[in-house]
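Okay, structure first, notes after.
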Amino acid sequence: MTQAALINDGATARPVMAGARVLNAMTVDVEDYFQVSAFDDYVPRTSWSSFESRVCRNTERLLDIMDAAGTRGTFFVLGWVAEQYPDLVRTISLAGHELASHGYAHRLVYEITPEAFREDLRRARGAIEAAAGVPVLGYRAPSFSITRDSLWALDVLVEEGYVYDASIYPIRHDRYGIPDWSRHPHVISRRHGRIWEVPGSTVRLGGMNLPIGGGGYFRLLPYGWTNRGIDRLNASEGRPAVFYLHPWEIDPEQPRLPVRLSAMTEFRHYRNLNKTETRLRRLLKEFAFGPVSEVLNFGPATPANPILWESPKTKRLSWD
Ligand SMILES: [Zn+2]
Numbered sequence: 368m369t370q371a372a373l374i375n376d377g378a379t380a381r382p383v384m385a386g387a388r389v390l391n392a393m394t395v396d397v398e399d400y401f402q403v404s405a406f407d408d409y410v411p412r413t414s415w416s417s418f419e420s421r422v423c424r425n426t427e428r429l430l431d432i433m434d435a436a437g438t439r440g441t442f443f444v445l446g447w448v449a450e451q452y453p454d455l456v457r458t459i460s461l462a463g464h465e466l467a468s469h470g471y472a473h474r475l476v477y478e479i480t481p482e483a484f485r486e487d488l489r490r491a492r493g494a495i496e497a498a499a500g501v502p503v504l505g506y507r508a509p510s511f512s513i514t515r516d517s518l519w520a521l522d523v524l525v526e527e528g529y530v531y532d533a534s535i536y537p538i539r540h541d542r543y544g545i546p547d548w549s550r551h552p553h554v555i556s557r558r559h560g561r562i563w564e565v566p567g568s569t570v571r572l573g574g575m576n577l578p579i580g581g582g583g584y585f586r587l588l589p590y591g592w593t594n595r596g597i598d599r600l601n602a603s604e605g606r607p608a609v610f611y612l613h614p615w616e617i618d619p620e621q622p623r624l625p626v627r628l629s630a631m632t633e634f635r636h637y638r639n640l641n642k643t644e645t646r647l648r649r650l651l652k653e654f655a656f657g658p659v660s661e662v663l664n665f666g667p668a669t670p671a672n673p674i675l676w677e678s679p680k681t682k683r684l685s686w687d
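Position one of the sequence shown corresponds to residue 368 (our numbering), numbered consecutively onward.
Set out below in structure tokens:
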């Protein structure tokens with residue numbers, strides 16, 4: 368099937384407003400500094416428990432920063448983290464934020480089988496829901512690893528009752544991306560149902576999609592890159608941005624790995640860690656942000672809201 372046949376891009380044509388401003392999505396991928404994909408070659412999963420964990424204090428600091436700005440967001444929690452620190456998951460939820468899943472073991476989707484993916488999804492959701500007692504409706508793959516080679520993952524997500532996915536980045540990158548994918552939140556129809564896709568944010572420049580959605584792009588490039596990019600999406604295109612960040616990105620004191628990293632990995636992970644918090648505080652003042660469910664304008668699960676209505680996960684939920 369062609370991409371055009373899969374996509375109904377009209378589903379979120381009208382942006383949700385916060386006063387006069389477009390509401391953008393604030394998202395956090397809750398994982399520890401040693402769990403990033405770039406360290407996969409150096410840090411076996413069996414050794415995770417032996418590292419000094421910083422995820423709770425860093426996430427709590429992010430919660431404080433967002434609280435000070437009156438901002439709520441979506442926290443995609445790694446299942447392994449939820450299992451180790453259920454109180455953290457509860458704290459996030461009680462502070463009024465939305466919980467979603469970042470998978471269990473931070474495995475790249477295009478490197479595992481559909482069966483293993485389903486297992487990973489179930490284990491993560493089980494841990495997050497057990498910790499907080501609220502339903503998990505959204506998913507983001509580790510390192511945006513839903514690519515052309517792993518679009519089957521969308522079918523698994525639909526079957527597992529997910530309402531939205533935030534795993535596709537419509538850019539060219541060495542580890543992820545589908546450069547010609549739709550750039551704004553949209554509905555994808557698959558064989559067994561529909562799902563919202565919430566792609567990482569880009570602006571069009573010189574016929575290319577350039578990433579402005581957070582993470583390394585926020586930390587490594589000047590602040591104006593993100594600021595102007597979001598402004599352009601909101602003002603010129605009338606569309607929401609989807610911004611993402613990791614708790615370890617505001618932690619310049621995090622322990623360094625006891626191995627020699629490649630210059631590129633070193634640069635991407637450690638550069639400007641001391642600048643992120645100040646930039647984030649500024650960003651939260653300059654734009655309006657909320658959780659993904661509000662940007663997608665989830666209402667009650669009624670027939671008028673078909674994706675929620677059809678999802679086996681939300682059918683029995685009361686949204687009043
Ligand atoms: Zn991650």
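We treat Cβ as the ideally placed atom computed from N, Cα and C, and that holds for glycine.
Check	Outcome
Cβ neighbour criterion (16 or more within 10 Å) applied to residue 497	exposed
Residue from 459, 583, 677 whose Cα sits closest to the Cα of residue 632	583
Closest by C-alpha distance to residue 555, when choosing among 494, 460, 618, 674	674
The segment 608 to 617 in contact with the segment 408 to 415 per 3-pair CB rule at 8 Å	no
Three or more C-beta pairs below 8 Å linking the segment 589 to 596 and the segment 535 to 551	no
Helix, strand or coil at residue 678 according to DSSP, with G and I counted as helix	coil
Whole-angstrom distance between residue 447 and residue 361, CA atom to CA atom	Since the first residue of the chain shown is 368 and the last is 687, residue 361 is not available in this structure.
Own chain residues within Cβ distance below 6 Å of residue 513, not counting five before or after	476, 520, 534, 535
Residue 478 CB to nearest heavy atom of ligand 1 below 7 Å	no
beta-carbon residue 469 near ligand 1 non-hydrogen atom, thresh 7 Å	yes
4 or more residues per run - each alpha helix (DSSP H) lying fully within the segment 497 to 542	519 to 526
Contact test: residue 620 Cβ vs ligand 2 heavy atom, cutoff 7 Å	Looking at this structure, you won't find ligand 2 anywhere; what it does contain is ligand 1.
Helix, strand or coil at residue 434 [DSSP, three-state]	helix
Local conformation of residue 611 per DSSP, three classes	strand
Reduced DSSP category for residue 372 - H, G, I as helix; E, B as strand; rest coil	With a pLDDT of only 33 at residue 372, under the threshold of 50, the placement of this residue in the model should not be trusted; the figure read from the coordinates follows. In the structure shown, residue 372 sits in a helix (DSSP, three-state: H, G or I).
Per-residue DSSP class, three states only, for residue 636	helix
Assigned exposure category for residue 634 - 16 Cβ within 10 Å defines buried	exposed
Sequence ranges, alpha helix (DSSP H) only - wholly within the segment 556 to 605, length at least 4	582 to 587, 590 to 598
Span of the alpha helix (DSSP H) around residue 456	453 to 461
CA-to-CA distance, residue 393 to residue 610, given in whole angstroms	5 Å
Heavy atom of ligand 1 within 7 Å of residue 408 beta-carbon	no
Quiz: which residues have CB nearer than 5 Å to ligand 1 non-hydrogen atoms	396, 398, 509
Assigned exposure category for residue 367 - 16 Cβ within 10 Å defines buried	This structure does not reach residue 367, given that the chain is present from 368 up to 687, and the question cannot be answered.
Below-8 Å beta-carbon distance, residue 645 vs any chain C residue	In summary, chain C is missing from the structure at hand, where a single protein chain is found.
Short Cβ contact (8 Å threshold) for residue 434 with residue 462	yes
Residue(s) in a DSSP beta bridge with residue 449	In the DSSP output, where bridge partners are listed per residue, residue 449 has none listed.
Span separating the alpha-carbon of residue 570 from that of residue 660	23 Å
Helix, strand or coil at residue 647 according to DSSP, with G and I counted as helix	helix
For residue 586 and residue 643, the rounded distance between their alpha carbons	6 Å
Limits of the alpha helix (DSSP H) - the one that residue 661 falls within	659 to 662
Candidates 458, 453, 445, of which the one nearest residue 467 by Cα	445
Burial state of residue 419, where buried means 16 or more other Cβ atoms lie within 10 Å	exposed
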